[in-house]
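Okay, structure first, notes after.
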Amino acid sequence: MNFHKYLLFILPFCIITALKAQELQSPAEFLGYELGERFTPHHRVIDYFEHVAAVRPNIKLVQYGETYEHRPLYTAFIASPENFSRLEEIRQNNMRRTGLETGNVNDDQTAIVWLSFNVHGNEAVSTEAVMQVLYNLADPNNTQTQQWLENTVVILDPCVNPDGHDRYVNWYNQKANHPYNPTYFSWEHQEPWPGGRANHYLFDLNRDWAWLTQQESRQRLKIYNEWLPQVHVDFHEQGINEPYYFAPAAEPLHELISPWQKEFEQMIGKNNAQYFDKKGWLYFTKERFDLLYPSYGDTYPVYNGAIGMTYEQGGSGRAGLGVITDEGDTLTLKDRIAHHITTALSTIEITAGNAEKVVDEFAAFYQQNQNNPAGKYKSFVIKAGNQPEKLAALKKLLDQHKIQYGSGNSRKGLEGFNFRNGKTEDVRIESNDIVVSAYQPKSILAQVLFEPVTQLNDSITYDITAWSLPYAYDLDSYALTQRVNVQEAPAPTGFNPVQKDASAYAYLLKWQGPADVTFLAQLLKQGVKARFAELAFTVVGNTYAPGTLIITRADNEDLGSAFDDKVVLLANNLKEELIPVATGMVAQGKDFGSETVHYIKKPNIMLLAGEGTSSLSFGEVWHYFEEQIQYPVTIVNTSDVENADLNDFDV
């Protein structure tokens, strides 16, 4: 066969192969197994999302971050071809509608639906379901979903917690029988410590929306606040003997939730119910899952104007591929997937059918926030005399949530609720106080986070009932029923770098907050010795409180000239204000060589993990040492403690 004949022979085959490669594949075609036959590792889920985005021109995959274990975090944006071509225009228009971005608002009525899957890693069914949801939305032959996309932009987060998800999936795929064993007490249904629910540091990410302690939460919130959807659903699982839960939510509902939010929850619930009724699937509403605590995946969106909801499928980490319930039925992974797919598509459908109303009510929510905010308190005043590090931490949190604040004009004759003593009393606002006004786009969220006492219309709540920021941050603050006009906050005072002083007898650091703990931890890690004063003292005209760190040259003679370099470089990196002093003799109090000035021994810390410990408490301590103060701990499993030499550890 000559070369030209060979080309004629091979060319059609190449064309067919190329066309085949560009075809949209279903999850089963791509993965090589039907959904529900096994659990899919996170990287294969992302592979499928990348495939769909590659072959469909109206889908965009965006990596918004990565986990502590370096797994990527993605969102997929799906829209009709027309809407997809102006995706950024839709986003900007929506943000201008909220008042958080400037510019003219056009009459576009495209609703934004955001669906979040698998925030609890061992509630892994939702990540299986999202692949089919994506396929149904991407399939150009699915006339129903393509019609919905004419009125909506759909955002899918396939796995909020990939680290927990893979911890569960990898364990289950190792331990499951073939075929699976549905007996509840079999090995494959007894997930070991710490379980897959939480993230790498064993934090419950569904309690972290407001506090943003975790890397995944901070990265997700950044992109969430760039879009602010009108509808947000958080997909979960509950116990194996529970059927399916969807909105409307249970009491208590926070008093600032709008009538429209309650109304549309009802509409969504009824739309879900009609599909479950046709299939004869059991479900319940208005029980157990309330809308109160602001740090959930349903309430945080609600306080930002969305219709925020939790959907709970029976199953979780105890269900595996199939498990026998108390009623003697076998609950399968395939059943659970079908239920989540149904509610996801139903939610998009009802939103698309009411897109104009959904968008109008969302705009009205933000207009009311700025012009006539609901709620008792119209201003919150945080006194400038609070410890600076605490004020800085509060401002950082407000910035992350796009809650606006500033300073107020000096005023007398105001009354406010004193968070310290619980009394209403006279308030004097000074020019450098921080003022958070309720007259702003994020009004409802600000009021919920600052309110002194949360009103409950039901005594039974799902979880947490107290969170007010002035208490959480230990701040002298007031809540006022009067409006206080807010001026632009003055620029923060810049940090003055510490200068090396080779003649310094010691460097002093006032002990005021968590940043000082981090500084001390880094000193000890680098072999710098330090002391602390048990009593107050005065030196060179300045008074220092008990707890002041004293870093003497005498204690660090072995460092030589590197002493100043190490201490000053670390202080400047952490923006810590060190004060050099030329003497160890004090004017008042005890001298630096006194027995009341205590040497700080570098601690060697053991942290117990494993059976018999609380995984969440363990994770909190682990995160504190590694992420907050960057100090090493030795983690030992409880089963190995008897083999450890405890003499090697101080704590």
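According to the numbering used here, the sequence shown is numbered sequentially starting from 12.
We treat Cβ as the ideally placed atom computed from N, Cα and C, and that holds for glycine.
Beta-bridge partners of Pro591, as assigned by DSSP = Tyr518
Return the first residue and the last residue of the alpha helix (DSSP H) that Ile359 is part of.
-> Leu344 to Gly364
What are the residues that DSSP puts in a beta bridge with Leu425?
-> Val438
Expected contact under 8 Å - CB spacing of Trp238 and Glu372 to nearest Å = No, Trp238 and Glu372 are not in contact; Cβ-Cβ is about 17 Å, not under 8 Å.
Report the rounded CA-to-CA distance for Asp150 versus Ala187, giving the unit in angstroms.
-> 33 Å
Reference Asn143, options Asn181, Glu134 and Tyr44, closest by Cα | Note that residue 143 is Gln in the sequence shown here, rather than Asn. The residue with the shortest Cα to Cα distance from Gln143 is Tyr44.
Does the distance from the C-beta atom of Gly110 to that of Tyr377 stay below 8 Å?
-> yes
Among Leu560, Tyr179 and Tyr286, nearest to Arg542 - alpha-carbon criterion | Leu560
Bridge-paired residues (DSSP) for Asn11 = Only positions 12 to 662 of the chain appear in the structure, and residue 11 is not among them; the question remains open.
If we count the other Cβ atoms within 10 Å of its Cβ and call it buried at 16 or more, is Gln74 buried or exposed?
-> exposed
Which class does Ile414 belong to by DSSP, given the choice of helix, strand or coil?
-> coil
Sequence-distant residues of the same chain with beta carbon closer than 6 Å to Leu589, five excluded per side = Val509, Tyr518, Leu520 and Ala582
Assign Asp487 to one of three DSSP states: helix, strand, or coil.
-> coil
How would you label Met596, buried or exposed, when you count the other beta carbons within 10 angstroms and need 16 or more for buried?
-> exposed
Where does Ala32 sit, in a helix, a strand or coil, going by DSSP?
-> Note on Ala32: pLDDT 46, under 50, position unreliable in the model; no value is reported.
Alpha carbon to alpha carbon, how far is Ala500 from Ser442? Give it in angstroms, no decimals.
-> 9 Å
Helix, strand or coil: how does DSSP classify Trp671 here?
-> Residue numbering for the chain in the displayed model covers 12 to 662; residue 671 lies beyond these limits and cannot be assessed.
Identify, in the order they occur along the chain, each residue of the same chain with its Cβ nearer than 6 Å to the Cβ of Val66, setting aside the five sequence neighbours on each side.
-> Gln33 and Leu35
Give the straight-line distance between the Cα atoms of Thr113 and Tyr416, rounded to the nearest whole angstrom.
-> 18 Å
Cβ contact (3+ pairs, closer than 8 Å) linking the region 241 to 250 and the region 422 to 433 | no
What's the C-alpha gap between Glu587 and Ala526?
-> 8 Å
Where the alpha helix (DSSP H) containing Ser454 begins and where it ends = Ser454 to Phe461
Identified DSSP bridge partners for Ile562 = Tyr518
Every unbroken beta strand (DSSP E) inside the region 125 to 169 [3 residues or more] = 163 to 168
Tell me which same chain residues have a C-beta within less than 7 Å of the C-beta of Pro263, skipping the five on either side of it?
-> Asp301, Leu303, Leu467, Asn468, Asp469 and Thr472
With a 10 Å radius around its C-beta and 16 neighbouring C-beta atoms as the bar for buried, classify His189 as buried or exposed.
-> exposed
Return the Cβ separation of Ala363 and Asn162 in integer angstroms, given the expectation that the two are a contact with Cβ distance under 8 Å.
-> 4 Å
Would you kindly work out how many angstroms separate the C-alpha atoms of Asn1 and Val136, rounded to a whole number?
-> With the chain represented from 12 up to 662, any question about residue 1 goes unanswered, as that position is not in the structure.
As assigned by DSSP and simplified to three states, the class of Asp245 = strand
Can you name the residues that DSSP bridges to His609?
-> Phe543
Just the Cα atoms here: how many angstroms apart are Gln639 and Thr353?
-> 42 Å
Rounded to a whole number of angstroms, what is the C-alpha to C-alpha distance between Thr624 and His634?
-> 16 Å
Report the rounded CA-to-CA distance for Glu80 versus Gln641, giving the unit in angstroms.
-> 17 Å
Whole runs of the beta strand (DSSP E) within the region 254 to 328, excluding any shorter than 3 residues | 261 to 264 and 318 to 325
Pull up the distance between the alpha-carbon of Asp309 and that of Ala355, whole angstroms please.
-> 15 Å
My understanding is that Gly132 touches Tyr179, with C-beta atoms under 8 Å, so please give their C-beta distance in whole angstroms.
-> 5 Å
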